[in-house]
Amino acid sequence: MNRHICFLFILTAICVNTYGQFDSLKNEILRYDDTTTSTIKKGRKLILESFLKNDKPKVQQLLTYLTTRVENEDYLTLYPIEKGMLNYWLGQYNDIDSDVQKYTDDYFNNNNKKLRPEPDLLFEKVKTFLKEHKSEQITQIEDARLSEEEERFMKINLTFFLSDYKRTAPLQDTLNNLTTSFFAAYPDSRYERYLREQVRWAFRPTRMGYGFEFFSGYGIFTKTLSNQFQNNIPIGVAFEFTYKQWGLYLRDYIGFSSTKEDLPFSAATWAKGKQARVYLPELSVGYVCTKSDRLKVVPFLGISSTDITPTSKDQSDYTGYSDIGWQFTTTYTVGINFDIRISKITTMPILRRDRIEKSYRFLKIRYAYNAPQFQNKYAGLDGSMHYITIGFGMFGRVYKRD
0 MNRHICFLFI LTAICVNTYG QFDSLKNEIL RYDDTTTSTI KKGRKLILES FLKNDKPKVQ
60 QLLTYLTTRV ENEDYLTLYP IEKGMLNYWL GQYNDIDSDV QKYTDDYFNN NNKKLRPEPD
120 LLFEKVKTFL KEHKSEQITQ IEDARLSEEE ERFMKINLTF FLSDYKRTAP LQDTLNNLTT
180 SFFAAYPDSR YERYLREQVR WAFRPTRMGY GFEFFSGYGI FTKTLSNQFQ NNIPIGVAFE
240 FTYKQWGLYL RDYIGFSSTK EDLPFSAATW AKGKQARVYL PELSVGYVCT KSDRLKVVPF
300 LGISSTDITP TSKDQSDYTG YSDIGWQFTT TYTVGINFDI RISKITTMPI LRRDRIEKSY
360 RFLKIRYAYN APQFQNKYAG LDGSMHYITI GFGMFGRVYK RD
């Protein structure tokens, strides 16, 4: 009995002690006051009140104090765009100039690691005011005795600051056109890096492109080959790699045909009416001679290898069939592609932030003349093959941030 009483006494003491610790922590939390956070919150509120009263000296004092005395490696007092818009309102263009020189990806990454200000209406109020009084801000810039380059930059940057977070295509086109004109006028400007990284959002195609297609069509034999085999219907797949105006094509053509007569070989006679397969792997190079929004015309030439043999089934079913047929031999290829775009161009982001991919579906009409050199390997055997194929595929190109 005494043991039970002792146990209950100890348990009660532990509970009382635990609750006492919780009460102590609660009181500590309630008494806690983060001086830096409180200073930032009250300072931003005082900036907004002074801004609404049009008290520029007071705003300037508070802005300087918060950004030089309070902000540190752990706390952010004002977002860069807030500071920038306030400096436009104050006419402090030298501060804007010095700030944009340090606006890099590393700078913004470091800011993202800081404790941010609590949400308030400072950004919205200042931005709304500047939007409604943009013409006055432009006049203030023009009266500031800046150089032509500085004045032009300040106007572009003001348009950028006052744009929406998700810029519409027309507005972004305007910013892109403004920066293009600026770069042409000032090719060695100290503002170029900032404008390209933060303001401009335009892409230019890289030199490399790539595509693939699945195709079918009709192949026509000539001379001796036409006497021995029916014309063939192919299926195949192709890949292409482009560099500037040049294209490299890798194609695998498999034609379905049949024998038109008995073809005697030392191992066996390839009977009339048996199925035949035409294999034509190809490596060719083309050059874009005509290109429009919808059509691309590409003459090409290359080297292939032609093989006409029985099917795998016949080779296993009939004695000697594995040793008959016209084996792979060098083939010269020349022809022309007509690539017709049949879909809208779609844009897809890729892993890198400064890269996108633009792609579209196409219809490829291809004519080729193939000259196999069978006569060099088989006496008395000559002939060539013309084919026309229609392929459906997709072509893509990576675009780099300009």
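FYI, the numbering for the sequence shown is 0 to 401, going by numbering that gives the first Met the number 0.
Virtual Cβ for every residue (Gly too), placed ideally from N, Cα, C.
### Query
Within 10 angstroms of its Cβ, does aspartate 338 collect 16 or more other Cβ (buried), or is it exposed?
buried
### Task
Specify the secondary structure class of aspartate 96 as computed by DSSP and reduced to three states.
helix
### Query
glycine 377 and tryptophan 325 look like a contact to me (Cβ under 8 Å); what is the Cβ gap, rounded to whole Å?
Reading off the sequence, residue 377 comes out as tyrosine, not glycine. Indeed, because the Cβ distance is near 7 Å, the residues count as touching under 8 Å.
### Query
Looking at valine 296 and glutamine 244, is the spacing between their C-beta atoms short of 8 Å?
no
### Task
Report yes if the C-beta distance between glycine 254 and proline 233 is below 8 Å; otherwise report no.
yes
### Query
Fully enclosed by the stretch 195-225, which beta strand (DSSP E) runs are 3 residues long or longer?
202-220
### Query
Which value, in whole angstroms, describes the spacing of the CA atoms of tyrosine 242 and proline 204?
11 Å
### Query
Among Gln91, Phe391, Gln314, which has the Cα closest to the Cα of tyrosine 142?
Note on residue identity: the sequence assigns aspartate, not tyrosine, to residue 142. The shortest C-alpha separation from aspartate 142 is found at Gln91.
### Query
For glutamine 274, which residues from the same chain have a beta carbon less than 6 Å from its beta carbon, with the 5 sequence-adjacent residues on both sides left out?
Ser257, Thr310
### Query
Relative to the alpha-carbon of glutamate 196, which residue among Asn156, Leu170, Gly334 has its alpha-carbon at the smallest distance?
Asn156
### For threonine 268 and threonine 305, believed in contact at Cβ under 8 Å, the rounded distance
Threonine 305 to threonine 268, Cβ: 22 Å. No contact.
### Message
As a quick exercise: from Tyr359, Leu121, Lys52, pick the residue whose alpha carbon is nearest that of aspartate 292.
### Response
Tyr359
### Query
asparagine 336 lies in the beta strand (DSSP E); which residues open and close that run?
325-340
### Query
With DSSP run on the structure shown, which of helix, strand or coil describes tyrosine 377?
coil
### Query
From which residue to which residue does the beta strand (DSSP E) around glycine 42 run?
Careful: glycine 42 lies outside any beta strand (DSSP E), inside the alpha helix (DSSP H) at 34-51.
### Message
According to DSSP, arginine 400 sits in a beta bridge with which residue or residues?
### Response
Phe202
### Task
Below 8 Å on the Cβ atoms is my guess for tyrosine 74 versus threonine 34; work out the distance and round it to an integer in Å.
About 11 Å; that fails the 8 Å criterion.
### Query
Would you call the stretch 383-391 and the stretch 205-216 touching, i.e. three or more CB-CB distances under 8 Å?
yes
### Query
Quick one: is methionine 153 buried, meaning 16 or more other Cβ sit within 10 Å of its Cβ, or exposed?
buried
### Task
Look at the alpha carbon of leucine 120 and the alpha carbon of glycine 83, and state the distance between them as a whole number of angstroms.
16 Å
### Message
Let me make sure I understand the geometry here. Which of Val277, Arg250, Ala270 has the alpha-carbon closest to that of asparagine 231?
### Response
Val277
### Task
Could you work out which residue in Pro116, Ile349, Ala270 is closest to threonine 318 when comparing CA atoms only?
Ala270
### Task
Put serine 402 into one of helix, strand or coil per three-state DSSP.
For the chain, the structure presents residues 0 to 401; residue 402 sits outside this window and is missing.
### Message
Assuming proline 56 is part of the alpha helix (DSSP H), what are its boundary residues?
### Response
55-64
### Query
With a Cβ-Cβ cutoff of 8 Å, do phenylalanine 240 and isoleucine 355 count as a contact?
no
### Pair within 8 Å by beta-carbon distance, leucine 282 and leucine 249
yes
### Query
Is it buried or exposed for valine 58, if we count other Cβ within 10 angstroms and need 16 for buried?
buried
### Query
Taking glycine 382 as the reference, which of Leu85, Ile95, Phe220, Thr127 has the closest Cα?
Phe220
### Message
Would lysine 124 and leucine 47 be called neighbours here (beta carbons separated by less than 8 Å)?
### Response
yes
#### Entry: Segment limits, alpha helix (DSSP H) that includes glutamate 239
That residue, glutamate 239, is in no alpha helix (DSSP H); its beta strand (DSSP E) goes 232-242.
### Message
Cutting at 7 Å between CB atoms, please list the residues of its own chain near lysine 399, excluding the five before and the five after it.
### Response
Phe202, Arg203, Thr205, Asp353, Arg354
### Query
CB leucine 170 to CB valine 198, shorter than 8 Å?
no
### Query
Rounded to a whole number of angstroms, what is the C-alpha to C-alpha distance between leucine 194 and threonine 167?
18 Å
### Three-state class that DSSP yields for asparagine 109 in the structure shown
helix
### Query
Leaving out five residues before and five after isoleucine 344 in sequence, what residues of the same chain have Cβ atoms less than 8 Å from its Cβ?
Lys357, Ser358, Tyr359
### Message
Using CA atoms only, rank isn't needed, just tell me which of Thr330, Ile335, Leu177, Gln372 is closest to glycine 246.
### Response
Ile335
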